[in-house]
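Data first, discussion second: the structure below is written as structure tokens.
Residue numbers (the working numbering), protein chains in the order written: chain V, 190 to 470; chain S, 190 to 470.
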């Protein structure tokens, strides 16, 4: 794995480039992105050169798709012809950093030659987007899911996994559908609840609400700063799992509402304490 | 206001003592609390001496009730006789730091002489409790609600307000019922939602849920670490407002659930973005 191309040089793509460089990756890091992102990424040294998608497939060993999910799906279609041509000559590993995995892996198996796509998801992020907020340490100590599927093997896979370890991630191999089910609870549900609480307070149209609060409301509304453009394709590609997670939450909230009426909240608090403490171990 | 007594020397009471000292308050700061809390508070210099409630009323100009809401209510009853006796000789100002105000103010007007109780609520806290986590800067840049009620006046009130300013708080005078309505949305609802999401994930009983998450879940579950013993009396004294806040949230969540089904989330995101950005201005 001597050269890398990053498609979509935003928070995640830019952080991947910065992380590789800061850990001693010496090869070229090409960037395929909008002019503004490329300019900023070159200045930050997150990439070493600008490239087209076709040139990237021609020269890179690893193509890293770090776009929103809907854009990853269309990039995979665009990659079909150049990747098919490239693998007849030299191996190439295509991977992605999309927030959902089942649809992306399914799309790759339809459009790309077998054994050249490895789904991935770095469980790291910020409420702000763009290469300007990229950080070399973004992936450090964070889980990094890979969804190789049964029988997957690729000559560059060991090197890619080695770099993920060097970057300080905790690599976890998982079935793509299982990944989507889990993140519906641990990532998509928290996002929608943060959006829901901020929208609830906005609807109340009372200036006192943004004046009289403790730090707890800041925590609970941070994710609500996220952009809907990023989230619409996450939701579109994980709808059933997200609806299940909302249903489970609604059941729990209804139990809490009834407990508020009856003055008997402690069981929910005890279970919530247990989970939250375990999360911090 | 030459001497202060803090009743309940935990996170809030201890932080009040530390803050006064760090800003140059030179008089005695008595502590009325459990032996363990008194010992720790003396070592941290959050208080200067231990006292009984009766001695505190005898010698302090300001009595600061920093207990959970249910304990504040019973302390107010205990204060009835000694405060009535004291005010016949010298003025004394009793204030509190309870998370709800209407019931406390109502209780004080029933048990204490007129014009000697001023309800208060520093909008600051932590998910951990106890004087061990107290901080001199806890109240800095945080709102501090006072609920004086119509016609309230007290010779020590200007000095108390001056000290709250010196401590760096933003003092806001508000009707007690209005305070409770606002904090139901900005404090009690966020707490119950954090508890609900953590309890939802605990119920799923899947070890992957505490392994595969981003930093967003840590934000959303931090309040869930709070103790139910503190919250049960907050809920018991603000039930109707909390039920209204839960109802408003449930309406918003149902709209989001329907939008997930229909792929049309952006209006909730836009409104949530607006509120969350305003909160950070």
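From the three backbone atoms N, C-alpha and C, an ideal C-beta is built for every residue, glycine too.
- In the DSSP assignment, residue 195 of chain V falls within the beta strand (DSSP E) that extends over 193-196.
- Think of a sphere of 7 Å around the beta carbon of residue 380 of chain V: the chain S residues whose beta carbon falls inside it are 405, in chain order.
- The shortest C-alpha to C-alpha distance from residue 358 of chain V to any of V:328, V:299 and V:315 is the one to V:328.
- Distance from the CA atom of residue 215 of chain V to the CA atom of residue 311 of chain V, rounded to whole angstroms, is 22 Å.
- Contacts with chain S (Cβ-Cβ distance below 9 Å) from the region 327-344 of chain V involve 331, 332 and 334, listed in chain order.
- In this structure, residue 220 of chain S places its C-beta atom within 8 Å of the C-beta atom of residue 195 of chain S.
- Within chain S, the residues placing a beta-carbon under 8 Å from that of residue 466 of chain V are 414, ordered along the chain.
- Nearest Cα to residue 377 of chain S within the set V:429, V:350 and V:446: V:446.
- For residue 369 of chain S, the enclosing alpha helix (DSSP H) has its first and last residue at 365-372.
- According to the DSSP assignment, residue 375 of chain V belongs to no alpha helix (DSSP H), since it is labelled neither H nor E.
- Put simply, the backbone Cα of residue 272 of chain V is about 18 Å away from that of residue 309 of chain V.
- Taking every protein chain shown into account, the CB of residue 452 of chain S has fewer than 16 other CB atoms within 10 angstroms, so this residue is exposed.
- Under the three-pair Cβ rule at 8 Å, the region 399-407 of chain V counts as touching the region 366-375 of chain S.
- Out of V:349, V:239 and V:360, the CA that lies nearest to the CA of residue 313 of chain V is found in V:360.
- In the DSSP assignment, the residues bridged to residue 336 of chain V are V:308.
- Contacts between residue 452 of chain S and chain V, judged by CB atoms closer than 9 Å, involve 421, 424, 425 and 428 in chain order.
- DSSP places residue 408 of chain V outside any beta strand (DSSP E); the residue lies instead in the alpha helix (DSSP H), whose first and last residues are 404-411.
- C-alpha of residue 209 of chain V to C-alpha of residue 317 of chain S: approximately 38 Å in a straight line.
- Taking the beta carbon of residue 462 of chain S as reference, the chain V residues within 7 Å of it are 413 and 414, listed in sequence order.
- Listed by position along chain V, the residues whose Cβ is nearer than 9 Å to that of residue 293 of chain S form an empty set, because the closest Cβ is around 17 Å away.
- In the three-state reduction of the DSSP assignment, residue 359 of chain S falls in the strand class, which pools E and B.
- For the options V:294, V:231, V:324 and V:284, the alpha carbon positioned closest to that of residue 246 of chain V is the one of V:284.
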